[in-house]
Amino acid sequence: MAGFCFLDKEIMTESVKYLLDESRMPKSWYNLVADLPTPPPPVLHPGTLQPIGPDDLAPLFPRSLIQQEVSTEREIEIPEPVRDIYRQWRPTPLYRARRLEKALGTPARIYYKYEGVSPAGSHKPNTAVAQAFYNREAGIKRIATETGAGQWGSSLAFAGALFGIEVQVFMVRVSYQQKPYRRALMETYGARCVASPSEETACGRAILAQRPDHPGSLGIAISEAVEVAAQRDDTKYALGSVLNHVLLHQTVVGLESMAQLEMAGDYPDVIVACTGGGSNFAGIAFPFIGAQLRGGQRVRIVAIEPAACPTLTRGPYAYDFGDTAHLTPLTKMHTLGSTFTPPGFHAGGLRYHGMAPLVSHVKELGLIEARAYHQLSCFEAGVLFARVEGILPAPEANHAVKGAIDEALRCKEEGISRAILFNLCGHGHFDMQAYMDYFAGKLTDQSYDEAELAMALSGLPSVTAA
Ligand SMILES: Cc1ncc(COP(=O)(O)O)c(C=O)c1O
1 MAGFCFLDKE IMTESVKYLL DESRMPKSWY NLVADLPTPP PPVLHPGTLQ
51 PIGPDDLAPL FPRSLIQQEV STEREIEIPE PVRDIYRQWR PTPLYRARRL
101 EKALGTPARI YYKYEGVSPA GSHKPNTAVA QAFYNREAGI KRIATETGAG
151 QWGSSLAFAG ALFGIEVQVF MVRVSYQQKP YRRALMETYG ARCVASPSEE
201 TACGRAILAQ RPDHPGSLGI AISEAVEVAA QRDDTKYALG SVLNHVLLHQ
251 TVVGLESMAQ LEMAGDYPDV IVACTGGGSN FAGIAFPFIG AQLRGGQRVR
301 IVAIEPAACP TLTRGPYAYD FGDTAHLTPL TKMHTLGSTF TPPGFHAGGL
351 RYHGMAPLVS HVKELGLIEA RAYHQLSCFE AGVLFARVEG ILPAPEANHA
401 VKGAIDEALR CKEEGISRAI LFNLCGHGHF DMQAYMDYFA GKLTDQSYDE
451 AELAMALSGL PSVTAA
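Under UniProt numbering, think of the first position of the sequence shown as 1, with each following residue one higher.
1. Would the C-beta of ASN280 count as close to ligand 1, meaning under 8 Å from any of its heavy atoms?
2. Within 8 Å, do at least three Cβ pairs link the region 314-324 to the region 284-304?
3. Can you give, in chain order, each stretch of the beta strand (DSSP E) that sits fully within the region 57-112 and has at least 3 residues?
4. Compare the C-alpha of PRO81 against each of TYR134, MET171, PRO46 and name the closest.
5. Beta carbon of SER15, beta carbon of ARG96: below 9 Å?
6. What does DSSP give as the partner residue(s) for LEU156 in the beta ladder?
7. What I want to know is whether the C-beta of HIS123 ends up closer than 8 Å to one or more non-hydrogen atoms of ligand 1.
8. List in chain order: all unbroken alpha helix (DSSP H) runs of 4+ residues lying wholly within the region 202-264.
9. Skipping 5 residues on each side, what residues in its chain have a beta carbon closer than 7 Å to that of VAL463?
10. So what's SER15 in DSSP terms, helix, strand or just coil?
11. Which word fits ARG351, buried or exposed, when buried means at least 16 other C-beta atoms lie within 10 angstroms of its C-beta?
12. Output yes or no for whether 9 Å exceeds the beta carbon distance between ALA356 and ILE220.
13. Taking 6 Å as the limit between beta carbons, can you name the residues of its chain near TYR438, skipping five residues before and five after?
14. Using a Cβ-based criterion (distance less than 8 Å to any ligand heavy atom), does CYS378 qualify as near ligand 1?
15. What is the DSSP secondary structure of HIS427, reduced to helix, strand or coil?
16. Quick one: which unbroken alpha helix (DSSP H) runs of 4-plus residues sit fully inside the region 299-349? Chain order, please.
17. Should GLN151 be counted as a contact of ligand 1 given a C-beta to heavy atom distance under 8 Å?
18. How about CYS274: is its Cβ closer than 8 Å to a heavy atom in ligand 1?
19. In terms of residue numbering, what span does the alpha helix (DSSP H) encompassing GLN375 cover?
20. Write down the C-beta distance between GLY403 and VAL302 rounded to the nearest angstrom, noting that I regard them as a contact closer than 8 Å.
21. Just checking my contact of GLY153 with THR145 at CB under 8 Å: how many whole Å lie between their CB atoms?
22. Check whether the Cβ atoms of LYS113 and VAL253 sit closer than 9 Å, and answer yes or no.
23. Do you know whose CA, among PRO119, TYR111, GLY204, lies nearest THR188's CA?
24. Just how far apart, CA to CA, sit LEU100 and THR106?
25. Sort PRO197, THR127, ASP266 by Cα distance to VAL242 and report the nearest one.
26. Please state if the CB of GLY349 and the CB of GLU396 are separated by a distance shorter than 9 Å.
27. Check whether the region 224-244 and the region 191-202 are in contact - that is, three or more C-beta pairs closer than 8 Å.
28. By the three-class DSSP mapping on this structure, what secondary structure does PRO393 have?
29. Should ILE85 be labelled buried (16 or more other beta-carbon atoms within 10 Å of its own) or exposed?
30. Can we count SER447 as close to ligand 1, meaning its CB is less than 8 Å from some heavy atom?
31. Return the CA-CA distance between HIS334 and ALA370, expressed in angstroms with no decimal places.
32. When you measure from the CB of ALA394 to every non-hydrogen atom of ligand 1, does any distance come out below 8 Å?
33. Just how far apart, CA to CA, sit GLY190 and TRP89?
34. Output yes or no for whether 9 Å exceeds the beta carbon distance between SER217 and PHE340.
35. Quick check on the DSSP output: the alpha helix (DSSP H) that includes MET455 runs from which residue to which?
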């Protein structure tokens with residue numbers, strides 16, 4: 001990096017941002033299921049092991065979202081009130097990372113889609129606004145949800161404020177302690193946020209009785225929110241990732257990226273995104289996978305996950321519960337087992353035991369690759385990125401930054417100029433404690449406990465029918 005010059009003439013004269021006019025914001029979400037060569041396996045009822053029907057999901061979600069969950073239509077229209085709110089920050093910018101390219105000395109062309117410009121600071125409002133809209137249309141007064149990093153909780157709190165819906169958020173305890181300002185943001189939007197496991201639900205109390213200092217997990221927080229939603233007719237549950245309809249709502253990210261790359265006169269050879277439950281990854285990748293399946297250009301797609309919670313690279317593809325207390329149906333996905341509690345590393349949004357069934361399915365079809373990184377190398381990549389591009393990524397997004405940098409360095413080694421597109425899915429302005437710990441040398445590369453993983457996997461439900 002020595003001798004790197006910000007006022008380089010070449011840098012100053014070439015485009016850095018590709019901006020779409022509001023009128024070019026997508027009018028429909030894209031549903032990958034329409035283009036898949038084989039449909040994803042069915043969701044099963046845990047009691048009967050038979051495929052579930054819409055009625056099984058009705059206590060948790062409004063009908064319109066259940067229809068989207070099972071839809072095979074290629075395009076699903078975005079309702080005008082949702083587009084109206086999207087316009088507050090969408091279309092989001094696509095950047096060409098010219099300074100990063102220069103710092104790395106790579107012939108690669110690196111592009112990043114920046115979702116951190118949303119009110120909550122990540123891609124999560126893309127689905128929060130849609131879910132709050134459909135719940136309001138169904139007359140719902142309250143929504144219960146989980147949050148890991150706090151990005152999803154803040155996003156639903158924001159959407160709830162816009163649609164007059166009360167929001168209750170169960171925040172994974174370790175993140176609740178690491179990020180008090182995320183909780184303050186949720187409260188500013190009018191939501192109530194409690195640390196999970198909590199005393200407010202039967203499953204929270206049962207877990208605390210066994211281990212009073214339990215750090216929490218997304219699986220437990222989901223159980224608590226589902227339990228609350230199932231108890232009241234005026235309350236539904238909302239999930240910030242994993243489900244088909246959530247991934248669907250995120251496809252605005254990839255659809256906009258396609259139009260912006262067209263403005264740049266380019267097309268990606270490689271797409272990189274981090275994976276927690278799979279929604280920002282699907283958002284940027286699925287429209288490109290669909291184009292490829294319809295005969296378009298082939299793109300390598302790389303999912304980056306934390307080595308301390310390596311769902312795609314280490315977890316078997318099996319039927320499992322989405323939550324720890326086993327209140328959800330069974331979905332076929334890459335999973336580390338529903339009782340698995342990952343170590344408390346700083347990318348809280350990536351600490352989920354499972355992976356979106358659709359992302360897992362495309363992995364099985366050989367349409368995507370997956371790679372796992374430890375957190376220190378991701379923070380190192382994020383700091384380099386901040387120093388050259390100015391934007392401070394969320395710890396989750398650092399995984400994508402690291403993945404993109406590695407791809408760019410590979411281009412350098414091979415002397416090949418490839419176009420790399422990655423999803424900079426959120427900013428890290430509420431994650432400064434993590435950066436401070438990193439600079440103070442307090443962060444370590446934590447590994448998961450092999451014995452705990454074996455135990456969690458031994459508890460996988462036995463499903464032979466499907
Ligand atoms: C900034 C950010 N990126 C990524 C994720 C991971 O979720 P997903 O894989 O659904 O995008 C989260 C989850 O909270 C997040 O906050």
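For glycine and all other residues, C-beta sits at the position ideal for the given N, C-alpha and C.
Per the coordinate set shown:
1. Yes - ligand 1 has a heavy atom lying nearer than 8 Å to the Cβ of ASN280.
2. Contact between the region 284-304 and the region 314-324 is absent, because fewer than three Cβ pairs lie under 8 Å.
3. Counting whole runs of 3 or more residues, the region 57-112 contains the beta strand (DSSP E) stretches 75-77, 94-96.
4. Out of TYR134, MET171, PRO46, TYR134 has the C-alpha closest to the C-alpha of PRO81.
5. The Cβ-Cβ distance between SER15 and ARG96 falls below 9 Å.
6. The partner list for LEU156 (beta bridge, DSSP) is empty, contrary to what the question assumes.
7. The closest heavy atom of ligand 1 lies less than 8 Å from the beta carbon of HIS123.
8. Here the runs fully enclosed are 202-210, 218-231, 244-249, 252-264.
9. Within its own chain, the residues whose Cβ lies closer than 7 Å to the Cβ of VAL463, once the five positions on either side in sequence are excluded, are LEU44, LEU49, TYR319, LEU330, listed in chain order.
10. SER15: coil per DSSP, three-state reduction.
11. Label assigned to ARG351: buried.
12. Taking 9 Å as the Cβ cut-off, ALA356 and ILE220 do not qualify as a contacting pair.
13. Answer for TYR438: PHE379, listed in chain order.
14. No, since every heavy atom of ligand 1 falls outside the 8 Å radius drawn around the Cβ of CYS378.
15. Assigned with DSSP and collapsed to three states, HIS427 falls in strand.
16. As far as the region 299-349 is concerned, its whole alpha helix (DSSP H) runs of at least 4 residues are 311-314.
17. Yes; taking the cut-off as 8 Å, the Cβ of GLN151 has a heavy atom of ligand 1 nearer than that.
18. Of the heavy atoms belonging to ligand 1, at least one sits nearer than 8 Å to the Cβ of CYS274.
19. Looking at the DSSP string, the run of the alpha helix (DSSP H) that includes GLN375 is 375-389.
20. Cβ atoms of GLY403 and VAL302 come within 8 Å of each other, at about 6 Å.
21. GLY153 to THR145, Cβ: 7 Å. Contact.
22. Their beta carbons are under 9 Å apart, which means LYS113 touches VAL253 by this criterion.
23. Residue nearest to THR188 within the set PRO119, TYR111, GLY204 is PRO119 (criterion: CA-CA distance).
24. So the two alpha carbons sit approximately 9 Å from each other.
25. Out of PRO197, THR127, ASP266, THR127 has the C-alpha closest to the C-alpha of VAL242.
26. Their beta carbons are under 9 Å apart, which means GLU396 touches GLY349 by this criterion.
27. Short answer: they touch.
28. Residue state, collapsed to three classes: strand.
29. ILE85 comes out buried.
30. Distances taken from the Cβ of SER447 to the heavy atoms of ligand 1 include none shorter than 8 Å.
31. So the two alpha carbons sit approximately 12 Å from each other.
32. Correct: ALA394 has its Cβ closer than 8 Å to ligand 1.
33. CA-CA distance, GLY190 to TRP89, rounds to 21 Å.
34. Yes, the pair counts as a contact, with Cβ atoms nearer than the cut-off.
35. MET455 -> alpha helix (DSSP H) spans 450-458.
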